[in-house]
Structure formats: structure tokens, C-alpha cells
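At position 149 of the sequence shown (counting the first as 1) the number is 151 in the working numbering, and the numbers step up by one without a gap.
Down below is the structure, laid out as C-alpha cells.
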Amino acid sequence: MTEPAPKRYSPLDIGPWMVLPTGRLVGGMVVGAALASSLALAAVWFLRPTGVGAVPLAMLGAVAAHAVSIVSIRPWKPRFLGQWPFVVLRASAVSFLLVLVFLVLIYSATRPDPAVLGLAMVGAWFGGLLSLVAAYGSYVKGVPPESAPDRSSPPDRTQDRDA
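Structure below.
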């Protein structure tokens, strides 16, 4: 049973009331981070073989940062389509800050080659971000449009939001 869409209170409250597919977002992010990490592993293997051990740690850190940010946006919570782009943008900012934190934590705990760890983690984060946005975009592209709300008069904000 689906819950009815709430009243519109913001200019972002446009489009259908929907949730995002959590599995599709996480799967896309993991695949993108794995592809970027495999490219980093190949480059490190030929350029600096002593730093190969840092690449799997970098991938795990980037995937963990994205996973925490995806959980923090709660894609299973229904929102209007107009709100989701900003929620995904917030998730990317949170994941970037978490990548920096995980980079410091992983480096201080294991002391791998810092250049390899940093470049591999940022590369895995960026690959995961690109795939996450691609998964989001491909899902939203398939959402049927809703008729545009009437914007000729401002919304009545005197009503109780819980009603």
C-alpha cells in the first residue's frame, strides 16, 4: 500500500512522490569504484609495485564513504522528484568529506605509500560517484512525468503540515 503524497510547500515539491532504488545505487557505486580501482591497480603495478597493497584499502575506504552517504540520504524514504537531485548532491558532499576522513584513518593505521593511497582512493571515489549519478539518472529518466502543479497562485501555508 502506498502512502498518499503530502501537500506541496516548497518550489522543489514537484514531480511524482517516489523512492530511489537502493540496490541499484549501491550496485552502481560499487561497480564504478571497482573499475576505477582496477585501473589504479594496473597503473600501480607497472609504476610503483611496492604500493600495490594500498589500492584495495583505498577501494574499501571509498566504498565505505559512499555507502555511509547513501544510507544517510535514506533512498527508501519517499520524496518529490524535485527534491532528489539536491539530496544526491548532499550525498556526494558527505561522501567526499568521509573519503578525506577515511584517508587519514587508513594511512595512520597501516602506513601504506601515501601517494598511491591518496590517488587510488580519490580515483575510486570519483569512479563510484560517476556510477552513482549514472544509476540515479537512468532511474529518474524512466519515471513517468506528473502534470505540472498550478503555480499561478502561491501555496496556502497556513494549513498544518501534519494534516
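Just so you know, even glycine gets a beta-carbon here, dropped at the ideal spot from N, CA and C.
Just to confirm the assignment, what range does the alpha helix (DSSP H) spanning residue i have?
i    : result
R113 : First-last for R113: undefined, no H or E at that position.
P58  : A56 to I75
R26  : T24 to L49
Output needed for residue i: all residues of its chain with C-beta closer than 7 Å, excluding positions within five of it in sequence on either side, in chain order.
i   : result
R26 : A137 and Y141
I'd like the list of long-range same chain contacts for residue i, defined as Cβ closer than 6 Å, with 5 residues on each side in sequence excluded.
i   : result
S97 : A67, H68 and S71
A38 : G125, A126 and G129
G34 : G129, G130, L132 and S133
I75 : V89 and A93
Going by C-alpha to C-alpha distance, which of the options sits closest to residue i?
i    : options               : result
G63  : P18, M31 and F48      : M31
V118 : Y11, L91, R50 and V33 : R50
V65  : P146, L91 and L102    : L102
M123 : Y11, L99 and S74      : L99
V46  : P18, L121 and T112    : L121
What does DSSP give as the partner residues of residue i in its beta bridges?
i   : result
R81 : M20
Give the C-beta separation of residue i and residue j to the nearest angstrom, bearing in mind that I take them to be a contact with Cβ-Cβ under 8 Å.
i   : j   : result
L83 : M20 : 6 Å
Q85 : L14 : 5 Å
L22 : P87 : At roughly 11 Å, the Cβ-Cβ gap does not stay under 8 Å, so L22 and P87 are not in contact.
R81 : V90 : Contact doesn't hold; Cβ gap of about 11 Å is too wide.
Between residue i and the rest of its own chain, which residues show a CB-CB distance below 8 Å, the 5 nearest in sequence each way excluded?
i    : result
P114 : G53, G55, A56, L59 and I108
When you compare the CB of residue i with every CB in chain C, is at least one pair closer than 8 Å?
i    : result
Y141 : Protein chain content of the structure displayed is limited to a single chain, and chain C is not contained in it.
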